[in-house]
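Protein chains: 2
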Amino acid sequence: MREGKDQKSRPGFTRRQLIDGVALVGVGAGLDHVLGGSARAPAAHSVPPASTENFYGLRQAGIATPAQDYLHFAAFDVTSDAADDLRGLLEQWTAAAARLTAGELYEPVAQMEDEPPVDTGEAVGLSPSRLTVTIGMGPNLFGSGGADRFGFARLRPPELVPLPPFQGEDLDPSSSGGDLCVQACADDPQVAFHAVHALSRIASTAATLRYTQQGFGRTSSTSRSQGTPRNLMGFKDGTDNIRAEETGAMNDFVWVQPGDQPGWMAGGTYLIARRIRILFDVWDAATLEDQQRVIGREKLTGGPLGGEGEYDPVDLQATAANGELVIPADAHIRLGGPRANQGQRILRRGYSYSEAVEPGSGQIDAGVFFVAFQRSPSRQFIPIQQRLAASDALNKHTLHTSSAIFACPPAAQPGGFVGQELFA
Amino acid sequence: MREGKDQKSRPGFTRRQLIDGVALVGVGAGLDHVLGGSARAPAAHSVPPASTENFYGLRQAGIATPAQDYLHFAAFDVTSDAADDLRGLLEQWTAAAARLTAGELYEPVAQMEDEPPVDTGEAVGLSPSRLTVTIGMGPNLFGSGGADRFGFARLRPPELVPLPPFQGEDLDPSSSGGDLCVQACADDPQVAFHAVHALSRIASTAATLRYTQQGFGRTSSTSRSQGTPRNLMGFKDGTDNIRAEETGAMNDFVWVQPGDQPGWMAGGTYLIARRIRILFDVWDAATLEDQQRVIGREKLTGGPLGGEGEYDPVDLQATAANGELVIPADAHIRLGGPRANQGQRILRRGYSYSEAVEPGSGQIDAGVFFVAFQRSPSRQFIPIQQRLAASDALNKHTLHTSSAIFACPPAAQPGGFVGQELFA
């Protein structure tokens, strides 16, 4: 099973337009018209269709798209207070993202040797790798502290509010929040890096990078075509996730619907990101039985306690011979699942991360960069997380260290740009 | 071209011994004898041969092995002063590394539900992914400051000395040095993470993690079967690298030879690691011509200035019509190449990295985690780097922020362990 993963190769998979460019002008001509020459080569016949995801459409890609293997997430602070600058930034990001996801270099401008390269070049020769670029807007873009920087206060989605504090979290402000976000996902981490690199260069006059987060080993499946991956706790993660094929659930729980407020968000969704560190010194010392009771599932099979196969029904009422609940009262799947939460579900699309060792303790700072999409944070993530923060057995083994919320508008149409609704 | 890359899939590529285990005891039996049951399943018929690298042999894997796509590097401080503890650690690391590289779970001990899992489980269901585990020993293991912790001072390799300070570097001590290192490379980053996770759990009583470093997008090829990748500067990197097929060069420049001192290192090599940050604010603003003159190569083709194809000969004497050198006097390939360095070469095996954004500046901390193997640091890396640190045009665009040196002994034989020569 390949699950759509590209056969990454260096340098076999040369980008078509680069080949065309070379054929057109000859290698001896240097990079003139080559790094920037792709606009003149319209068809994409030699890029395997499975290696590209559409950028334009009704909804932004990178949400219902079958989860790619790698994430490069970036949050930005907008440094200009001029709405025109923000508009220009979003226009340029849209144009760049459309080209990058098609596997093209990002700007159709002739390249001169006496200018900085238009494209930084690290993705030359790599497959498009199913790159998606998903753009979101943070709460402060719609005004904060009585100020209305861009005149968007009247457009603020009621659902786009800073998340309330949750019990037990220990957030790093410098890797939380942000005015804008770019979620780049791809089956090659260098392609995802390149997208963030390109967009941060474009942003330079209007916005600066606030933080980035790399992720690997996706911790959820978002399509029935994908098996369930394991997170760094060794458990299958996301067995009960919404799958893109569940059209009804996607409309109920993920996509903002016509009639929801504000109207300009219809077809969009809200992204919530939380960096969740696994406290390996505690977790790795827990017995297998304890680990399974914390999650509510068998470690090997992923099946619910009391069941067998991964997708067996979760029986929350079942009791053992001693009268105790088979799935404990504080098990993660009980408290986070729809039956404890008025039937609410969220679309999880997170990744594992691993960063520096904590100086002194020798503990690895690794875990899950949790990303979830939902139609209504106030009815979905916030109450679910409040319930989990209060009682989840997993709290002893994890620590939330970053937090952010963004509104992801509907996708751009060709000729338009992401966020265009704000400037109507 | 696949270049040996596994078709990673979740969960299609189930580890054979896990399947056997399940078949043997049945899923309903839980993890007993399953997470630990692999020792009873000797053959490896359903693991594709191309997805595993040998662990035992003459030389440690992960050096001449065709570079995998991902790195998880870890350095450890040994916390015990007892040679027996160090010996026990190396014995256990060897046994674990042998099993992990074969795609097996790491300890053949029956797993009980009332004990912590022997294997943490995050690699269950993943391909072995050509995992290699390379073990090295830092200078302080052989005594420092007049103390001889383990009685190894008489065995110290003269070549294993702390690197001298180099002009312009700005090293972070907490991510430099170390008593022991583990270089885990694999075509799946989760498999590499798992190896470091497993070895750091084993180490817990004798050693603690000092730092880790993740890498992606290998920045060198080490085999003629691999094309030249691009680093995050967008240039092809390692065109002139030693390839494993060059037996003579490998013996001259990489492997410690019989007759070299000390004798116990014959078949081993010295690993030098340097985290080299790219100063993107400077680099990305440089013109294409300047970038090409800094490196000495064409950005698109990788060919030397004045040449055309990537592998064209590097003509260091060529001058332009105006009398200036075509490859400038301070070009990286001139100063780092063998002709400027008494014919010396090194085996580069580095990776790109991307970490946190620098607070305030919005600059990405990303670059190259440079790893090189050589027979003689005193004749190879040290003088080469002194020359580069003094004059390389690249210095304006990069900053060395970590540094380490390790002696990698020869490989273990079945029944033996890496570093056994120290305990003879």
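Residue numbers (our numbering), protein chains in the order written: chain A, 1 to 424; chain B, 1001 to 1424. Backbone N, C-alpha and C define an ideal beta-carbon position, used for all residues, glycine too.
{"Item": "My guess is that residue 1399(B) and residue 1279(B) are in contact by the Cβ rule of under 8 Å, so how many angstroms apart are they, rounded?", "Value": "6 Å"}
{"Item": "In chain order, what residues of the same chain lie with their CB nearer than 8 Å to the CB of residue 169(A), ignoring the 5 residues before and after it?", "Value": "389, 399, 400, 401 and 403"}
{"Item": "Could you check where the alpha helix (DSSP H) with residue 1095(B) kicks off and where it finishes?", "Value": "1083-1101"}
{"Item": "Can you tell me the Cα-Cα spacing of residue 982(B) and residue 1180(B), whole angstroms?", "Value": "Past the edges of chain B, shown from 1001 to 1424, lies residue 982(B), and the structure says nothing about it."}
{"Item": "For the stretch 284-295 of chain A, which residues have a CB atom closer than 9 Å to at least one CB atom of chain B, in sequence order?", "Value": "284, 285, 286, 287, 288, 289, 290, 291 and 292"}
{"Item": "If you measure beta-carbon to beta-carbon, which residues of the stretch 1111-1124 of chain B are closer than 7 Å to chain A?", "Value": "1111, 1113, 1114, 1115, 1116, 1117, 1120, 1121, 1122 and 1124"}
{"Item": "Hey, residue 1273(B) and residue 1073(B) are a contact pair by Cβ (cut 8 Å); roughly how many whole angstroms apart?", "Value": "7 Å"}
{"Item": "Quick one: residues in its chain with C-beta nearer than 6 Å to the C-beta of residue 192(A), no 5 flanking neighbours on either side, listed in chain order?", "Value": "70, 72, 184 and 186"}
{"Item": "Apart from the five residues on each side of it in sequence, which residues of its chain come closer than 6 Å, Cβ to Cβ, to residue 1348(B)?", "Value": "1220, 1238, 1241 and 1372"}
{"Item": "Distance check for residue 1208(B) and residue 1093(B), CA to CA, integer angstroms please.", "Value": "14 Å"}
{"Item": "Should residue 208(A) be flagged as near chain B, meaning a C-beta pair shorter than 8 Å?", "Value": "yes"}
{"Item": "Can you say whether residue 1311(B) is buried or exposed, counting buried as having 16 or more other CB atoms within 10 angstroms of its CB?", "Value": "exposed"}
{"Item": "DSSP state of residue 196(A), grouped into three classes?", "Value": "helix"}
{"Item": "Using a C-beta cutoff of 8 Å, does residue 1231(B) count as contacting chain A?", "Value": "yes"}
{"Item": "Spatial neighbours of residue 297(A) within its chain, please: CB distance less than 6 Å, with the 5 preceding and 5 following residues excluded, ordered by chain position.", "Value": "304"}
{"Item": "Mapping the DSSP letters down to three states, classify residue 28(A) as helix, strand or coil.", "Value": "Only weak support is given to the placement of residue 28(A): the predicted model assigns it a pLDDT of 26, under 50, and the question is left unresolved by the model."}
{"Item": "Can the beta-carbon of residue 133(A) be found less than 8 Å from the beta-carbon of residue 100(A)?", "Value": "yes"}
{"Item": "Helix, strand or coil: which one does DSSP assign to residue 1383(B)?", "Value": "helix"}
{"Item": "To be precise: take each residue of the stretch 1061-1073 of chain B, compare its Cβ to all Cβ atoms of chain A, and keep it if any distance is under 9 Å. Which residues remain?", "Value": "1069, 1070 and 1072"}
{"Item": "First and last residue of the beta strand (DSSP E) that includes residue 1072(B)?", "Value": "1070-1078"}
{"Item": "Below 8 Å, can you find three or more Cβ-Cβ pairs linking the stretch 362-372 of chain A to the stretch 260-269 of chain A?", "Value": "no"}
{"Item": "Find the nearest neighbour of residue 211(A) within the set 78(A), 379(A) and 58(A), judged by alpha-carbon distance.", "Value": "78(A)"}
{"Item": "Closer than 9 Å by beta-carbon distance: list the chain B residues that pair up with residue 211(A), in chain order.", "Value": "1356, 1357 and 1359"}
{"Item": "Can you list the residues of chain B that residue 436(A) reaches, using a CB-CB cut of under 7 Å?", "Value": "In the structure as shown, chain A begins at 1 and stops at 424. Residue 436(A) is therefore absent and cannot be evaluated."}
{"Item": "Within 8 Å of any Cβ in chain B, is that where the Cβ of residue 299(A) sits?", "Value": "yes"}
{"Item": "Please work out which residues of its chain come closer than 6 Å, Cβ to Cβ, to residue 1354(B), disregarding the five sequence neighbours upstream and downstream, and give them in chain order.", "Value": "1366"}
{"Item": "Indicate whether at least one CB of chain E lies closer than 8 Å to the CB of residue 1377(B).", "Value": "In the structure shown, chain E does not exist; the protein chains are A and B."}
{"Item": "Would you list the one or two residues that DSSP bridges to residue 1396(B)?", "Value": "DSSP output for residue 1396(B) lists no bridge partner at all."}
{"Item": "In whole angstroms, give me the CA-to-CA distance for residue 385(A) and residue 166(A).", "Value": "8 Å"}
{"Item": "Return the chain-ordered list of same chain residues with a C-beta closer than 8 Å to the C-beta of residue 1257(B), the five sequence neighbours on each side being excluded.", "Value": "1251, 1266 and 1375"}
{"Item": "Three-state secondary structure (DSSP) at residue 305(A)?", "Value": "coil"}
{"Item": "My parser needs the beta strand (DSSP E) runs of 3 or more residues fully inside the stretch 337-371 of chain A; what are they?", "Value": "351-357"}
{"Item": "Please classify residue 1052(B) as buried or exposed, where buried requires at least 16 other C-beta atoms within 10 Å of its C-beta.", "Value": "buried"}
{"Item": "Between residue 121(A) and residue 1230(B), which are expected to be in contact by the criterion C-beta below 8 Å, what is the C-beta distance as a whole number of angstroms?", "Value": "7 Å"}
{"Item": "For residue 1081(B), is the classification buried or exposed, using 16 other Cβ atoms within 10 angstroms of its Cβ as the cut-off for buried?", "Value": "exposed"}
{"Item": "Hey, residue 1426(B) and residue 1344(B): beta-carbon distance below 8 Å or not?", "Value": "Within the shown structure, residues of chain B are numbered from 1001 to 1424, placing residue 1426(B) beyond reach of any answer."}
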